[in-house]
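First up is the structure itself, then whatever we jot down about it.
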Amino acid sequence: MAAARNPRNPRRRGAILAAVAPFLAFADYLRLRLVDRAWRLYCRRVGHAPPPFPWLMLPERESPPGAGAGARRVFYDVPGGRSYGYRVPSRDMHRCVATGHGWVVMVAVDAPRRVMLLNPITGDQRIVAWPFARWNARFHAVLTSSPAAGEAGCFLVVVADRLLAFCRPGADFQGWETLRAPGFRHHAALSDVVAVGATVYLVDERRRLWRADLADENPKVQRRDTGFALPSLELRRHYLVESLGHVLLVLSDERHNRVALYKLNWDARAWLPIAACPGERVLLLGRGCSAAVPPSSAAGRAPGTVLFAHQPSTLPDVDVAARGQAWFWSESRVGAAPGDLLVLKKTVPHRHGEFPADGDSFWFFPAVDPDENAR
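Converting from the sequence shown to this note's numbering requires adding 129 to each position, the first position being numbered 1.
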């Protein structure tokens, strides 16, 4: 009775939320999560917490020389339109090469070469040596799961020409293991890597495929000749992404005016063209950070929408008109062809000159409720 008389009583609000929860769809959880803190807390308690919103880790802001080894990096919540700041090592010391599961993978820019895994929200770090005898700036990296305590199936993978190195970066780190991937050649725009559980897939510029199950007692690299003729010679960028257990290959031209989608059939040794992403997902693409999310996790964008992170250091911007302007991602859609739509280059509120025009952005999944961890 007392709870009913006081509209601000948390017991009353909890009773109301418990009563309406069974009748709400997944998208409703997302909408209410944006505006009501009590609803977010209750959702977590009853096991209905929606997946974390995708953030975009923006390039390191311009800073004067000698500003220090760490920088407060901006993480932009694309659906919510809010920014969060967390300390990340400066680009003068470490270069970001991948993100995944709430962690950032960075490589030291000078000797001694090493790989750093950082959770910017908790400040937790893992540092391991460079896996190869010689330094090679041509490589891909991927993290199969979170290296936090208890994640026994976590592997850090570094892929270079004809070599695949992997390790367990957690507390039980026992060094690197190296597998040969005969024929694989790194290409900044046309090769990529993706993890599906503990299985890693590589694709090269000819659309050929390599696969290795790292959880196997004696992992081996398997190869499939899945090459096919391009529907257009303009499709000069390749991205691998996982969606509901399926391995997808996204082909795009340099301006993202044309986007084609293929699904892997490993047994048939073929990439099959498809018109839509399995599960009606929105695709977030970028080197070392690609993912597929429900439309409700991307501010209600329509299924088939593709968001490309702006990464000019590895994939140079060919649009002369946009050079010198700081923008961080662009939006297109699956099946797009030249003239179908205007590809939008997106930015966030910032001061002129605050961000370098040649800095890379990365998709990042914080695995936390942003309102509970804002700084």
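The C-beta atom is built at its ideal place from N, Cα and C for all residues, glycine as well.
Note that the structure is a prediction, hence the values are computed from the model and not measured.
Item                                                                                                                                                              : Value
If you drop the 5 nearest sequence neighbours on each side, which residues of the same chain put their C-beta closer than 8 angstroms to that of H439?            : D446, W456, F457, W458, S459, K474, D489 and S490
Between F313 and R336, which are expected to be in contact by the criterion C-beta below 8 angstroms, what is the C-beta distance as a whole number of angstroms? : About 12 angstroms; that fails the 8 angstroms criterion.
Taking its Cβ as the centre, do 16 or more other Cβ atoms sit within 10 Å of D206, making it buried, or is it exposed?                                            : buried
A427 by DSSP, collapsed to three states: which one?                                                                                                               : helix
Below 7 angstroms CB to CB, which residues in the same chain sit around I145 once its five sequence neighbours on both sides are set aside?                       : none
Thinking just about the alpha-carbon of each residue, which of A431, P311, V234 and H230 is nearest to the one in V332?                                           : P311
Just how far apart, CA to CA, sit V350 and A399?                                                                                                                  : 18 angstroms
Which residues in the same chain have their Cβ closer than 8 angstroms to the Cβ of L308, if we skip the five residues on either side of it in sequence?          : L292, L293, A294, F295, A341, P348, K349 and V350
At the level of alpha carbons, what is the spacing between V257 and V226?                                                                                         : 15 angstroms
If you count every other CB in all the chains shown that lies within 10 Å of the CB of L285, and 16 or more means buried, which is it?                            : buried
When the Cα atoms are used, what is the spatial distance from P208 to V422?                                                                                       : 12 angstroms
Using the C-alpha atoms, what's the distance from V323 back to D345?                                                                                              : 17 angstroms
Can you pull the DSSP bridge partners for S372?                                                                                                                   : H375
Mind reading off the beta-carbon distance from P298 to R255? Whole number of angstroms is fine, and I expect it under 8 angstroms.                                : 5 angstroms
Whole-angstrom Cβ separation of C418 and T228, contact assumed at under 8 angstroms?                                                                              : 5 angstroms
E483: which of L185, A148, P183 and E189 sits nearest, CA to CA?                                                                                                  : E189
Compute the Euclidean distance between the alpha carbons of N386 and P360, then round it to the nearest angstrom.                                                 : 14 angstroms
Measure the CB-CB distance between V234 and A289 and report whether it falls below 7 angstroms.                                                                   : no
For P407, which residues in the same chain have their Cβ closer than 6 angstroms to its Cβ, ignoring the five residues on either side in sequence?                : S372, L373 and H375
For the beta strand (DSSP E) holding H316, just list the boundary residues, first then last.                                                                      : Counting along the chain, H316 falls outside any beta strand (DSSP E), and DSSP gives it neither H nor E.
Measuring straight from C-alpha to C-alpha, what distance separates H315 and S442?                                                                                : 15 angstroms
Could you name the residues that DSSP lists as bridge partners for K475?                                                                                          : W458
Can you tell me which of S320, R352 and E363 puts its alpha carbon nearest to the alpha carbon of V370?                                                           : S320
Once the 5 residues before and after P276 are set aside, which same chain residues still bring their CB inside 7 angstroms of it?                                 : W232, L246, R255, C283, P298 and G299
List the whole-angstrom C-beta distance separating R216 from A200, where the pair is believed to meet the contact cut-off of C-beta under 8 angstroms.            : 7 angstroms
By the DSSP assignment, the beta strand (DSSP E) with A399 in it spans what residues?                                                                             : A399 to I403
Are the beta-carbon atoms belonging to A318 and L444 less than 7 angstroms from one another?                                                                      : yes
CA-CA distance, R353 and L393?                                                                                                                                    : 11 angstroms
For P241, is the classification buried or exposed, using 16 other Cβ atoms within 10 angstroms of its Cβ as the cut-off for buried?                               : exposed
Exposed or buried, what is E431 when buried is set at 16 or more other beta-carbons lying within 10 Å of its beta-carbon?                                         : The question names Glu, but residue 431 is Ala in the sequence shown. Answer is exposed; the Cβ neighbour count stays below 16.
With DSSP as the reference, label A324 as helix, strand or coil.                                                                                                  : strand
Run through DSSP, which three-state label would I505 get?                                                                                                         : Absent from the structure is residue 505, since the part of the chain shown begins at 130 and ends at 504.
Verify whether the separation of the beta carbon atoms of R462 and V435 is less than 7 angstroms.                                                                 : yes
Kindly indicate which residue of T476, S426 and A404 has the alpha-carbon position closest to the one of G464.                                                    : A404
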